[in-house]
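Have a look at the structure below before the remarks.
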């Protein structure tokens, strides 16, 4: 019976999808906007909670303690992003707002002022991060804004990049937020 019914169901499903394409696109667009808002809100509250209850006795904190810190004076002015630290991971040239696995952290960068960078690394020989690259990453990894002592005339070109890589979650946490957002999708409307 399954062999006979499956082609009929497949044909009906394809017809349903084609007939309801616009409605499905609109519903998915609304759902994705809801998901984006949920991720943003969860990142704000999650980051604040994490900062309030940071425990120095965790394995993650022990890894931070092992980093060698130094300050670097920069000639090219830095922008200060709202994400704070930026992380470079082993085997990855990109700077990220949060490491998936702290054991992979090679460098931590924290711009302190327009000409001063605090950098932590597992090795004294770790190369510095280029200021221009650091500024782009600071803008991209910022959630809402960045600060520039030089104003929009010099650093305004980065405004359109704000938030393009501002993620403060592990993949599993994003998946959980998505499951919650999509849980009600497809349930019958209980309204009048």
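Residue numbers (this note's numbering): 13 to 204. Ideal placement from N, C-alpha and C gives every residue a C-beta, glycine not left out. Everything numeric in this text was worked out from a predicted model, so none of it was measured.
Whose CA, out of the options, lies closest to the CA of residue i?
i	options	result
residue 154	127, 45, 96	96
residue 158	140, 136, 126	126
residue 81	25, 129, 46	129
residue 115	77, 93, 161	77
residue 138	105, 147, 162, 156	105
residue 188	132, 50, 94	50
Suppose the cutoff is 7 Å on Cβ atoms and the five residues either side in sequence are ignored; what does the same chain contact list for residue i look like?
i	result
residue 143	86, 88, 90
residue 111	99, 101, 117
residue 176	152
What span of residues does the beta strand (DSSP E) with residue i cover, start to end?
i	result
residue 122	117-125
residue 82	80-85
Short check: CB of residue i to CB of residue j, under 8 Å?
i	j	result
residue 84	residue 151	no
residue 149	residue 107	yes
residue 36	residue 29	yes
residue 79	residue 120	yes
residue 190	residue 47	yes
Which residues in the same chain as residue i place their Cβ atom closer than 6 Å to its Cβ, once the five residues preceding and following it in sequence are excluded?
i	result
residue 162	89
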